[in-house]
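Asks: The opening residue of the sequence shown carries number 3 in the numbering used here; numbering runs sequentially from there.
No residue lacks a Cβ here, since even glycine has one placed at the ideal position from N, Cα and C.
All of these numbers come straight from a predicted model, not from anything done at the bench.
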Amino acid sequence: MPTKPSRARRWLKEGKAIGRFNDLDIFYVQLTTESSSDKTQPIAIGIDPGKLFSGIGVQSSLFTLGQAHLELPFKRVRERMDNRRLMRRGRRGRRLDRKLSFDLRAHRQKRFSNRRQGKLAPSIKANRQLELRVVSELAKIYPITDIYFEYVKADVDQTSGRKGAKLGKGFSAVMVGQKWAIEQLSKIAKVHTRLGWQTSNLRKHLGLEKSENKAEQTPESHANDGITLACFRFLDYLPFHTSNGHGHEWKGSVEVTDAPFAIVKRPPVSRRQLHLMVPAKGGKRRKYGGSTTRHGFRKGDLISSPKGIGYASGNTEKQLSVSDANWKRLGQIAASKIQLIRRSNGLIVSH
């Protein structure tokens, strides 16, 4: 449950609670004594899913509790899948005995009987899993009652092939995996869906801005849509009738306030590649990729170094590479001069 900073400080001073940080670097207090009441307030999460970026907002009736801009791993996963397919084809090609006639070669025929339908593409699944990870971390410290998910539909007019159809857009990669994501989110809290035009109407009513640059690391790019979606928990667009006319209006009460803004992404760690993309000579292969180093640190660990606080991103025989939140190298520093702050949790959070 959210509380006032002054009350949290008093609890810590009196020993009634201990301070902790979760995987999203959100500070919270954990009570060490029995609570005087188990009542909670309704808190909603809004999710604006995307192909490359997503927005998440946490809202109560009186305060905006948090907002996040997610940089999704779509491009990186797709490139790795392309490389994997290329290497697989190369390995199969090298197995062929080309001295034999074509009908006697070890070509693998297509088999559709053992292909399961409904499988999510790895790039799409990685996107939705990052959103699920962030929501699950938020649900550990907030009593989430509702989740509002922006559902994307194809523009039938655009996909019909009719000449002159220019409004809206047709198929979008964001549409893939929506039902799977909603099914997973429903295990955390009750899920409601809203369409894009509904989000737009409420965002204008709340006076929140929208940036056209989706890659912009600001609340206006995606996080404001997440806040808007969460506000549906406290506002309804209802019809009214008076002696002078009729129509619709927003009814309910919600306060949108300033809140901490975080940028969340996955550390771009390469998995081990024993083939090194090409056949090895002499039977010896150097280490490539992997999440461990020879100095006891793991890639993605938060560390302190003479160059500043950063993340372990690579290693040499005596040095460790330190990178910032954008995975830009700060320097290669002797492992003896580095101190571990926190083990990698699979997330990079910057503010």
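Please confirm whether residue 303 and residue 345 have their CB atoms less than 8 Å apart.
Replies: Counting from one through the sequence shown, the residue named residue 303 turns up at place 301. Counting from one through the sequence shown, the residue named residue 345 turns up at place 343. Yes, Cβ-Cβ distance for residue 303 and residue 345 is below 8 Å.
Asks: Can you tell which of 17, 47, 29 has its C-alpha closest to the C-alpha of residue 36?
Replies: By one-based count along the sequence shown, residue 36 stands at place 34. Residue 17 is the option with its Cα nearest to residue 36.
Asks: Would you say residue 66 and residue 3 are within 8 Å of each other, going by their C-beta atoms?
Replies: In the sequence shown, the residue the question calls residue 66 occupies position 64. In the sequence shown, the residue the question calls residue 3 occupies position 1. Cβ distance not < 8 Å, so residue 66 and residue 3 don't count as in contact.
Asks: Since residue 123 and residue 178 are thought to touch, with beta carbons under 8 Å apart, how far apart are those beta carbons, to the nearest angstrom?
Replies: As a first step, residue 123 must be located in the sequence shown, where it is residue number 121. As a first step, residue 178 must be located in the sequence shown, where it is residue number 176. Contact flag correct, Cβ pair sits at about 7 Å.
Asks: By DSSP's criteria, residue 190 is part of a beta bridge. Which residues make up the other side?
Replies: Here residue 190 refers to the residue found at position 188 of the sequence shown. According to DSSP, residue 190 bridges with nothing at all.
Asks: Please work out which residues of its chain come closer than 6 Å, Cβ to Cβ, to residue 262, disregarding the five sequence neighbours upstream and downstream, and give them in chain order.
Replies: One-based indexing of the sequence shown puts residue 262 at position 260. Closer than 6 Å at Cβ, skipping near neighbours: 68.
Asks: Could you give the distance in angstroms between the alpha-carbon of residue 259 and the alpha-carbon of residue 33?
Replies: Indexing the sequence shown from 1 puts residue 259 at position 257. Indexing the sequence shown from 1 puts residue 33 at position 31. Cα-Cα distance, rounded: 27 Å.
Asks: List the residues that DSSP assigns as beta-bridge partners of residue 13.
Replies: Start at 1 with the first residue of the sequence shown, and residue 13 comes out as number 11. According to DSSP, which records beta bridges pairwise, residue 13 is partnered with nothing at all.
Asks: If you draw a straight line from the alpha carbon of residue 105 to that of residue 125, how long is it in whole angstroms?
Replies: Sequence index remark: in the sequence shown, residue 105 carries index 103 (1-based). Sequence index remark: in the sequence shown, residue 125 carries index 123 (1-based). Residue 105 and residue 125: Cα-Cα distance of roughly 36 Å.
Asks: As a quick exercise: from 25, 30, 24, pick the residue whose alpha carbon is nearest that of residue 10.
Replies: Numbered from 1 along the sequence shown, position 8 holds the residue referred to as residue 10. Taking only the C-alpha atoms, the option nearest residue 10 is 30.
Asks: Tell me the residue span of the alpha helix (DSSP H) that contains residue 76.
Replies: As a working note, residue 76 is residue 74 in the sequence shown. Note, residue 76: alpha helix (DSSP H), 76–97.
Asks: Please report the residue range of the beta strand (DSSP E) in which residue 127 lies.
Replies: As a first step, residue 127 must be located in the sequence shown, where it is residue number 125. No beta strand (DSSP E) holds residue 127; the alpha helix (DSSP H) holding it covers 124–141.
Asks: Give me the Cα-Cα distance between residue 7 and residue 13, rounded to the nearest whole angstrom.
Replies: Walking along the sequence shown from the start, residue 7 turns up at place 5. Walking along the sequence shown from the start, residue 13 turns up at place 11. About 10 Å.
Asks: My output table needs one value for residue 258: the three-state DSSP class, helix, strand or coil.
Replies: Counting from one through the sequence shown, the residue named residue 258 turns up at place 256. Residue 258: coil per DSSP, three-state reduction.
Asks: Is the distance from the Cβ of residue 134 to the Cβ of residue 186 below 8 Å?
Replies: Taking the first residue of the sequence shown as 1, we reach residue 134 at position 132. Taking the first residue of the sequence shown as 1, we reach residue 186 at position 184. Yes, Cβ-Cβ distance for residue 134 and residue 186 is below 8 Å.
Asks: Can you tell which of 233, 152, 49 has its C-alpha closest to the C-alpha of residue 225?
Replies: By 1-based counting over the sequence shown, the position of residue 225 is 223. The shortest C-alpha separation from residue 225 is found at 49.
Asks: Helix, strand or coil, according to DSSP, for residue 104 in the structure here?
Replies: The residue given as residue 104 occupies position 102 in the sequence shown. Residue 104: helix per DSSP, three-state reduction.
Asks: Go to residue 2, then tell me how far its beta strand (DSSP E) extends in each direction, as first and last residue.
Replies: Nothing in the structure corresponds to residue 2, since the chain is present only between 3 and 353.
Asks: Using the three-state DSSP reduction, which class does residue 312 fall into: helix, strand or coil?
Replies: Here residue 312 refers to the residue found at position 310 of the sequence shown. Note: residue 312 maps to strand in three-state DSSP.
Asks: Just how far apart, CA to CA, sit residue 136 and residue 25?
Replies: Position 134 of the sequence shown holds residue 136. Position 23 of the sequence shown holds residue 25. Taking the straight line joining both Cα atoms gives about 9 Å.
Asks: Just list the residues that DSSP pairs residue 343 with in beta bridges.
Replies: For this step, residue 343 is matched to residue 341 along the sequence shown. BP columns for residue 343 are empty, so no partner.
Asks: Using three-state DSSP, classify residue 206 as helix, strand or coil.
Replies: By 1-based counting over the sequence shown, the position of residue 206 is 204. Residue 206: helix per DSSP, three-state reduction.
Asks: At the level of alpha carbons, what is the spacing between residue 76 and residue 270?
Replies: Residue 76 sits at position 74 when you count from the first residue of the sequence shown. Residue 270 sits at position 268 when you count from the first residue of the sequence shown. Distance between the alpha carbons of residue 76 and residue 270 is about 12 Å.
Asks: Hey, how far is the Cα of residue 312 from the Cα of residue 197?
Replies: Locating residue 312 in the sequence shown gives position 310, counting from the first residue. Locating residue 197 in the sequence shown gives position 195, counting from the first residue. Each residue's alpha carbon lies about 39 Å from the other.
Asks: Going by alpha carbons, who is nearest to residue 217 out of 305, 23, 96, 55?
Replies: Counting from one through the sequence shown, the residue named residue 217 turns up at place 215. The shortest C-alpha separation from residue 217 is found at 55.
Asks: What distance in whole Å lies between the Cβ atoms of residue 232 and residue 59, which are believed to be in contact at a cut-off of 8 Å?
Replies: One-based indexing of the sequence shown puts residue 59 at position 57. One-based indexing of the sequence shown puts residue 232 at position 230. With a Cβ gap of about 5 Å, residue 59 and residue 232 count as contacting.
Asks: So what does residue 251 bridge to, in DSSP terms?
Replies: Numbered from 1 along the sequence shown, position 249 holds the residue referred to as residue 251. Its beta-bridge partners are 240.
Asks: Give the secondary structure of residue 46 by DSSP, where H, G and I count as helix, E and B as strand, and everything else as coil.
Replies: Taking the first residue of the sequence shown as 1, we reach residue 46 at position 44. Residue 46: strand per DSSP, three-state reduction.
Asks: Indicate whether residue 208 and residue 234 have their beta-carbon atoms separated by less than 8 Å.
Replies: Stepping through the sequence shown from its first residue, residue 208 is reached at position 206. Stepping through the sequence shown from its first residue, residue 234 is reached at position 232. Against a cut-off of 8 Å, the Cβ pair of residue 234 and residue 208 comes out as no contact.
Asks: Within the same chain, show all residues whose beta-carbon is closer than 7 Å to that of residue 317, passing over the 5 residues directly before and after it, in chain order.
Replies: If you number the sequence shown from 1, residue 317 lands on position 315. Excluding sequence neighbours, residue 317 sits near 295, 296, 297, 323.
Asks: Are the beta-carbon atoms belonging to residue 329 and residue 352 less than 8 Å from one another?
Replies: In the sequence shown, residue 329 corresponds to position 327, counting from 1. In the sequence shown, residue 352 corresponds to position 350, counting from 1. Not closer than 8 Å, so no.
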